[in-house]
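Working notes, beginning with the structure itself.
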Amino acid sequence: KGHTELYRGAEYVVDFLPKVKIEVVVKTEDLERCVDAIVAVARTGKIGDGKIFVTPVERVVRIRTGELDDTAI
Numbered sequence: 059k060g061h062t063e064l065y066r067g068a069e070y071v072v073d074f075l076p077k078v079k080i081e082v083v084v085k086t087e088d089l090e091r092c093v094d095a096i097v098a099v100a101r102t103g104k105i106g107d108g109k110i111f112v113t114p115v116e117r118v119v120r121i122r123t124g125e126l127d128d129t130a131i
C-alpha cells in the first residue's frame with residue numbers, strides 16, 4: 059500500500075512496489091546458468107526489477123542427515 063507525503067505544501071501519494079526476497083544456494087558449476095535463468099525471467103526493463111547478489115557459502119550442513127557441503131545441496 060502507498061501513503062501520502064507532504065512536499066512544499068502539496069500532498070503526494072507514494073506508491074510502494076511489492077518486494078520478494080529469494081535465496082538460492084547452488085553449486086559453483088551451476089552458478090552462471092542459475093543467474094542467467096533468473097535474469098531472463100525477472101527482467102522487465104522497469105525500475106524495481108531487482109538485484110542478484112552472489113556470495114560464497116563457506117559450509118553447508120543438512121541437519122537431518124548430517125550431509126556436508128556439496129552433498130547437502
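Take 59 as the starting number for the sequence shown in our numbering and just add one per residue.
For glycine and all other residues, C-beta sits at the position ideal for the given N, C-alpha and C.
With a CB to CB cut of under 8 angstroms and the five nearest residues on each side skipped, what residues in its chain are close to residue i?
i: Ala100; result: Asp107 and Gly108
i: Val97; result: Ile110
When you compare only the Cα positions, how much space is there between residue i and residue j?
i: Ile121; j: Pro76; result: 33 angstroms
i: Leu64; j: Ala95; result: 41 angstroms
i: Glu69; j: Thr102; result: 30 angstroms
i: Gly124; j: Ile131; result: 12 angstroms
With residue i and residue j assumed to form a contact (beta carbons below 8 angstroms), what rounded beta-carbon distance in angstroms separates them?
i: Val83; j: Val119; result: Contact doesn't hold; Cβ gap of about 12 angstroms is too wide.
State yes or no: is the C-beta of residue i within less than 8 angstroms of the C-beta of residue j?
i: Asp128; j: Lys85; result: yes
i: Leu89; j: Val115; result: no
Report all residues from its chain with a CB closer than 7 angstroms to the CB of residue i; omit the five preceding and five following residues, and keep chain order.
i: Cys92; result: Val82 and Val84
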